[in-house]
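For the sequence shown, the working numbering gives the first residue as 147, with consecutive numbering after it. In this text, a Cβ means the ideal position worked out from N, Cα and C, and glycines have one as well. Model, not experiment: these values are computed from the prediction.
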Amino acid sequence: MQTASISIQAMREATAPQQFTPLELETRPTVDTAAYAHYMHIAPQTARIHACKESGPIRPIRIAGSSKLHWPTAEIKRVLGVA
Numbered sequence: 147m148q149t150a151s152i153s154i155q156a157m158r159e160a161t162a163p164q165q166f167t168p169l170e171l172e173t174r175p176t177v178d179t180a181a182y183a184h185y186m187h188i189a190p191q192t193a194r195i196h197a198c199k200e201s202g203p204i205r206p207i208r209i210a211g212s213s214k215l216h217w218p219t220a221e222i223k224r225v226l227g228v229a
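Here it is, written out as structure tokens:
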């Protein structure tokens, strides 16, 4: 039964709410899509759609050879008026 408990634990970790650093205290130069969506109060999929259509308030940085997006923290702070 150990494999079942590992699977259950993995599911709990995957579905657990993420903890985000308050935007005022964020020191990373870029954040991932989940953090960007949290700060902007939108769904992560909405952020991806904005990136695809280039219709959002911020243009993401695309990581070469990957489908990952990173969003400039300074731009998020500027758009939201956070010092």
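(message) Rounded to the nearest angstrom, what separates L226 and I154 at their Cα positions?
(response) On the sequence shown, position 80 is the one that residue 226 refers to. On the sequence shown, position 8 is the one that residue 154 refers to. Roughly 38 Å between the two C-alpha positions.
(message) Please classify L171 as buried or exposed, where buried requires at least 16 neighbouring CB atoms within 10 angstroms.
(response) Sequence index remark: in the sequence shown, residue 171 carries index 25 (1-based). Answer is exposed; the Cβ neighbour count stays below 16.
(message) Nearest by alpha-carbon distance to E221: which of I207, F166, A189, K214 is it?
(response) Here residue 221 refers to the residue found at position 75 when the sequence shown is read from its first residue. Nearest option by C-alpha distance: I207.
(message) For a quick check, are the C-beta atoms of P218 and T176 less than 8 Å apart?
(response) Residue 218 sits at position 72 when you count from the first residue of the sequence shown. Residue 176 sits at position 30 when you count from the first residue of the sequence shown. Closer than 8 Å, so yes.
(message) Once the 5 residues before and after R194 are set aside, which same chain residues still bring their CB inside 8 Å of it?
(response) Taking the first residue of the sequence shown as position 1, residue 194 is located at position 48. Excluding positions up to five away in sequence, the list reads T179, L215.
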